[in-house]
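Numbering (our numbering), first residue to last: 4 to 110.
Report on the structure given below.
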Amino acid sequence: MSFFFKNGEAFYGTIRPSRNGAANSHIVFSSYGNGDRKPVISGFLQLNNWSDKGNNLWEADCPSPQPVNQLVINNSLQHMGRFPNRKAPGGGYLRVESHSRLDTIYN
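Take a look at the structure:
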């Protein structure tokens with residue numbers, strides 16, 4: 004079984020091989036295409052269609068049924084639940100006020 008990823012592109016999500024590898028039948032991950040940039044394989048989900056809610060607040064739906072435990076913005080890991088501004092109301096902490104599903108959070 005082989006998985007090929009295009010050079011210069013990113014794959015976000017889960018890879019679930021339909022069978023196990025063996026000594027004489029390996030599972031192979033490889034790349035194809037032109038360019039020096041190897042593909043990126045990430046378990047992260049890339050969120051799109053951000054909505055500006057005003058006051059520097061942005062929102063996007065997360066389609067994953069898994070809880071969100073890491074957030075990366077512009078390749079920089081963000082602290083969950085707190086902004087750097089400690090003087091903000093509530094000490095800069097964010098609170099989850101409600102949720103309707105595991106993939107939607109309302110602050």
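From the three backbone atoms N, C-alpha and C, an ideal C-beta is built for every residue, glycine too.
Just to confirm the assignment, what range does the beta strand (DSSP E) spanning S34 have? Residues V31 to Y35.
Going by the DSSP bridge assignment, what does V75 pair with across the sheet? L80.
I'd like to know whether the C-beta atoms of F7 and I18 end up nearer to each other than 8 Å. For the pair F7 and I18, the CB atoms are not nearer than the 8 Å cut-off.
What's the gap between the Cα of L80 and the Cα of N72? Between L80 and N72, the C-alpha separation is close to 11 Å.
Starting from I44, follow the beta strand (DSSP E) in both directions and report where the run begins and ends. I44 -> beta strand (DSSP E) spans V43 to S45.
With DSSP collapsed to three states, give me the class of E12. Residue state, collapsed to three classes: coil.
On the three-state DSSP scale, how would you describe L48? The three-state secondary structure of L48, taken from DSSP, is coil.
Secondary structure of G24, DSSP reduced to three states: The answer is coil: DSSP assigns G24 none of H, G, I, E or B.
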